[in-house]
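Novice: Residues 20 to 377 (the working numbering) are what the sequence shown spells out, left to right.
Sending over a structure as structure tokens; questions will come in a sec.
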Amino acid sequence: MCHAPEAGIRAESFSIKLDLRLEGAGSEQAKAASYGFEIGRDPAHGAGPVVLREECQVELADGTAEGFVLAAGRLAVAPMKYGGEAGKWAAHGRRERRDRLFLPLLGLDSPLREVESALLGMRFYELDSTILRNIDDDTERHTSLGPRGEHLGHVLGALSEAFPETKDYLDGWIRAIIPQALGVDERREGEFSTVRARFWTGEPHLPFRSAVNRGATREGDPHVSIFQRQELSEGTVRAAGVLAALFQPGTFDGSIPLVAIEEPEMAIHPSNAAALFEAIEAASARTQVIVTTQSSDLLDDEYVKPEHLRMVEMVRGVTRIGELDEHTRRHLTERPDQIAVMHRQGHLRPADPDTGRP
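What follows is the structure, given as structure tokens:
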């Protein structure tokens with residue numbers, strides 16, 4: 020709405036629609052669901068923003084559907100089960116507060132509440148290396164990584180205590196991404212938490228691999244040195260943050276159905292970006308993963324497929340996001356090694372939704 024005048028139009032609203040697959044607790048089988056809303060200026064008073072339209076639908080196990088449609092402040096289609104304020108509004112067919120979404124106010128017994136739980140469980144990250152290496156003075160223990168990398172030490176500690184095999188797996192990816200690194204761990208300072216890393220200081224290559232294979236990677240083992248938080252490079256703390264986001268406990272129990280990370284390759288050496296993509300690919304077996312990137316190096320890996328990509332382009336002030344056109348997708352399916360090459364050359368663009376061409 021702010022930037023649309025660049026396209027020669029006046030934007031009165033914007034809308035978002037999501038298609039979901041619900042597989043959380045309480046669902047005997049996966050359910051298809053959709054949720055969307057439109058936010059814009061109040062057409063009656065010119066003020067805003069207000070909710071112009073909101074709709075949600077969930078397919079139930081018996082083949083029926085539960086949902087609602089809210090338009091112009093009135094429930095055009097009301098949910099079958101109500102709770103709290105939702106029931107009062109449904110009874111009167113209208114809402115007094117049009118600056119709030121309806122979905123969060125539904126009763127706990129509504130199947131639509133599963134949609135809200137799925138949305139609230141999503142995690143979005145724009146990691147900050149300063150926050151990642153800071154001393155965390157929150158004395159409450161956390162098992163989820165904060166949006167800027169808060170509680171990294173807590174998450175690493177939780178993995179070590181409750182999921183040691185996963186912590187070892189995470190350290191394996193650290194070794195693949197950061198040269199000579201052995202692992203990143205929580206360090207407790209009284210009630211506070213921070214991070215430190217183990218590095219190999221002996222001969223590289225064969226002795227390093229031999230030590231890893233023997234499990235001689237802990238503090239006190241030969242040629243293992245501890246680096247404190249202030250001594251860690253930008254790449255090390257950012258790699259630890261990305262991996263903690265991908266493999267935090269909630270990605271295993273279904274409470275985090277989606278992890279989105281902005282530019283995960285930042286500060287990672289280009290030659291190791293492919294290993295980072297492979298870690299992302301591995302994590303996607305347990306939770307949905309979305310990353311944004313402008314790096315061709317991240318795409319230079321045998322596991323990258325054309326169907327993984329959604330290209331982004333600014334067209335006359337409007338952001339267009341879409342899949343590759345059919346011709347390019349077919350070519351890259353036959354020659355996946357060309358994905359990074361074509362990206363570097365600026366030849367990967369979203370298909371036009373009307374013509375199917377770039």
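Even for Gly, the Cβ is constructed at its ideal location relative to N, Cα and C.
1. Roughly how many angstroms lie between the CA atoms of R363 and E297, to the nearest whole one?
2. Tell me, please, whether the stretch 181-193 touches the stretch 261-280 by the rule of three or more beta-carbon pairs shorter than 8 angstroms.
3. By Cβ distance, which residues of its chain are closer than 6 angstroms to A95, with the 5 residues on each side in sequence left out?
4. Give me the residue from P289, I35, R116, T306 with the minimum Cα distance to P198.
5. Flag this pair as touching only if the stretch 199-208 and the stretch 304-315 have three or more C-beta atom pairs under 8 angstroms; answer yes or no.
6. Quick check on H346: buried or exposed, where buried means 16 or more other Cβ atoms within 10 Å of its Cβ?
7. Quick check on Q364: does DSSP put it in helix, strand or coil?
8. Would G92 and E74 be called neighbours here (beta carbons separated by less than 9 angstroms)?
9. Given this structure, state the Cα-to-Cα distance separating P62 from S34, to the nearest angstrom.
10. According to DSSP, which residues form a beta bridge with M333?
11. In whole angstroms, what separates the C-alpha of R217 from that of F121?
12. Going by the CB atoms, is the gap between S252 and A286 shorter than 9 angstroms?
13. Along the chain, where does the alpha helix (DSSP H) containing E180 start, and where does it finish?
14. Helix, strand or coil for T347, going by three-state DSSP, please let me know.
15. Below 8 angstroms, can you find three or more Cβ-Cβ pairs linking the stretch 215-231 to the stretch 135-144?
16. Would you report the Cα separation of L131 and T220, rounded to the nearest angstrom?
17. Along the chain, where does the beta strand (DSSP E) that runs through T311 open and close?
18. Determine the extent of the alpha helix (DSSP H) in which T255 is found, giving its start and end residues.
19. Short of 6 angstroms in beta carbon distance, which residues of its chain neighbour L189, apart from the five on each side in sequence? Order them along the chain.
20. With a cut-off of 8 angstroms on the beta carbons, I'd call R72 and A66 a contact; round off their distance for me.
21. Rounded to the nearest angstrom, what separates E208 and I154 at their Cα positions?
Specialist: Quick answer:
1. If you draw a straight line from the Cα of R363 to the Cα of E297, it comes to about 20 angstroms.
2. yes
3. V88
4. P289
5. no
6. exposed
7. coil
8. no
9. So the alpha carbons of these two residues sit roughly 16 angstroms apart.
10. T338
11. Straight across, the Cα-Cα distance linking R217 with F121 is about 49 angstroms.
12. yes
13. DSSP places E180 inside the alpha helix (DSSP H), whose first and last residues are 171-181.
14. Collapsing the DSSP output to three states places T347 in a helix.
15. With fewer than three CB-CB distances shorter than 8 angstroms, the stretch 215-231 does not count as touching the stretch 135-144.
16. 55 angstroms
17. 307-311
18. 253-266
19. L262, F266
20. The pair is not a contact, with the Cβ atoms about 17 angstroms apart (cut-off 8 angstroms).
21. 8 angstroms
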